[in-house]
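Student: Residue numbers (the numbering used here): 5 to 328.
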Amino acid sequence: MKTLEKKKFTFTDYWDRYSTITILAIMIIVFGILRPESFLTSSNLIKIVEQSSITILLGLGEFFAILLGGIDLSVSSTMALSGALTAQLMANAGMNPLLAVLIGVVVFGAIIGLLNGFLVTATGLPPFIITLGTQAILRSLVYIITDARAVSGLPASFSKVVGGKLFDVIPVPILVALVTAAILTIFTSKLQCGRNLYALGGNAQSAWYAGITVKKHTILAFCISGVCAALAGMVNIARLAAAEPNAGTGYETYAIEAVIIGGASFFGGIGKIPKVVIGGLIIGVINNGLNMVGVSSYYQQLAMGCLLILAVTLDRFFGASRKN
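(1) Would you tell me roughly how many angstroms separate the C-alpha atoms of residue 259 and residue 100, rounded to the nearest one?
(2) Per DSSP, which residues does residue 170 bridge with? Please list them.
(3) Quick one: using the 10 Å Cβ neighbour count with 16 as the cut-off for buried, is residue 309 buried or exposed?
(4) What are the boundary residues of the alpha helix (DSSP H) that residue 239 is part of?
(5) Within 8 Å of any Cβ in chain C, is that where the Cβ of residue 115 sits?
(6) Who are the Cβ neighbours of residue 136 in its own chain at under 6 Å, not counting the five residues just before and after it?
(7) Assuming residue 99 is part of the alpha helix (DSSP H), what are its boundary residues?
(8) I'd like to check one pair, residue 247 with residue 91: are the Cβ atoms closer than 8 Å?
(9) Can you have a look at residue 81 and say buried or exposed, based on whether 16 or more other CB atoms are within 10 angstroms of its CB?
(10) Determine the closest residue to residue 102 out of 17, 37, 193, 162, with distance taken between C-alpha atoms.
(11) Relative to the C-alpha of residue 252, which residue among 84, 153, 47 is closest?
(12) Identify which residue in 120, 113, 89 has its Cα closest to the Cα of residue 151.
(13) Quick check on the DSSP output: the alpha helix (DSSP H) that includes residue 77 runs from which residue to which?
(14) Give me the Cα-Cα distance between residue 207 and residue 108, rounded to the nearest whole angstrom.
(15) Whole angstroms are fine: how far does the CA of residue 267 sit from the CA of residue 279?
(16) Around the Cβ of residue 255, are there at least 16 other Cβ atoms within 10 angstroms (buried) or fewer (exposed)?
(17) One question on the structure: do residue 116 and residue 36 come within less than 8 Å of each other, judged by their Cβ atoms?
(18) So, using beta-carbon positions, are residue 61 and residue 235 closer together than 8 Å?
(19) So, with DSSP's three-state summary, where would you put residue 247?
(20) Between the Cα of residue 1 and those of 312, 286, 63, 23, spot the shortest distance and give me the residue it belongs to.
(21) Looking at C-alpha atoms only, which residue of 228, 217, 160 is the closest neighbour of residue 187?
(22) Based on the DSSP secondary-structure assignment, which residues constitute the bridge partners of residue 105?
(23) For the putative contact between residue 315 and residue 264, defined by C-beta atoms under 8 Å, what is the C-beta separation to the nearest angstrom?
(24) Here's the rule: buried if 16 or more other CB atoms are within 10 angstroms of the residue's CB, otherwise exposed. What is residue 171?
(25) With 16 other CB atoms within 10 Å as the buried threshold, where does residue 13 fall?
(26) Per DSSP, which one or two residues make a beta bridge with residue 155?
(27) Go to residue 53, then tell me how far its alpha helix (DSSP H) extends in each direction, as first and last residue.
(28) Going by beta carbon distance, what residues of the same chain come within less than 7 Å of residue 238, once the five residues before and after it are set aside?
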């Protein structure tokens with residue numbers, strides 16, 4: 005009886021399993037060597053995770069658009085608009101903070117996602133085109149609604165609870181990001197509709213033949229993206245104690261980078277929620293580390309761009325086996 009030969013462990017296998025955690029480890033080691041007295045302190049590491057919470061939340065939403073082989077460029081504008089509207093409900097209308105947050109996330113975020121998903125399915129246009137348009141529309145609405153001014157005067161209880169620390173130790177934004185990631189992990193791994201999104205992203209035509217409703221699942225993916233972006237908006241206004249009209253400008257790039265560096269494929273059907281969290285942490289480590297070593301913000305964007313191109317290139321060449 006012939007024995008089965010053990011498959012050789014290749015770089016492709018390594019990249020598929022450990023690429024994200026390897027990049028994070030390398031970044032921590034590099035900046036730890038450059039600034040050992042300040043970068044590796046417990047307070048700074050907690051600060052990195054807290055600052056990364058917004059990127060992680062945006063990335064979690066972006067993940068579902070990319071999982072379908074699309075993209076959502078409106079996440080940063082959704083974050084800003086949801087935050088501005090919620091801030092106005094609390095500061096100007098005197099609404100209870102809990103109710104205002106629920107409306108901001110469940111209503112504003114979900115409706116924007118629903119709009120994106122509906123336009124994508126109804127027009128048949130690429131999500132890139134649709135969300136590029138809604139990105140501009142939503143950002144314009146932020147300026148109109150706020151008169152291009154910061155909305156301040158938020159209840160102290162809101163800023164203390166959402167932007168504060170649990171037991172004066174763990175920043176609440178971290179908990180919000182981790183709980184959201186845990187819920188979405190269960191959704192994608194245990195629920196049928198979550199698994200259907202992988203099938204739809206892998207091959208939309210085969211998914212349709214298998215009985216998966218393409219339009220409904222596409223709308224669902226963009227609704228999740230909108231809700232996650234709105235959650236990021238809540239965290240942002242809580243941390244700043246105000247809603248800035250320019251909040252989140254350019255953060256859609258961070259969200260996309262977090263997803264792709266986290267191992268998801270731009271071609272759809274592949275990716276895991278926990279890796280998106282690590283991808284968001286990588287963005288936070290790079291930003292924090294470069295600031296500590298005194299690198300200009302212009303070079304930070306250069307580093308992010310190079311890392312994104314590298315991640316997509318490696319996925320193109322070494323991620324092919326995952327699609328076979």
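Built from N, CA and C at the ideal position, the CB exists for glycine as well.
Since we're looking at a predicted model, the values are computed, not measured.
Tutor: For this structure:
(1) 30 Å
(2) 174
(3) exposed
(4) 218 to 244
(5) Absent from the structure is chain C; it holds one protein chain and no more.
(6) 77
(7) Unbroken run through residue 99: none, as it is neither H nor E.
(8) yes
(9) buried
(10) 162
(11) 84
(12) 89
(13) Run containing residue 77: none; DSSP gives neither H nor E here.
(14) 34 Å
(15) 7 Å
(16) buried
(17) no
(18) yes
(19) strand
(20) Outside the modelled stretch of the chain, which goes from 5 to 328, sits residue 1, for which no answer is possible.
(21) 228
(22) None, per the DSSP bridge assignment.
(23) 5 Å
(24) exposed
(25) exposed
(26) 247
(27) 46 to 71
(28) 87, 90, 105, 108, 109, 166
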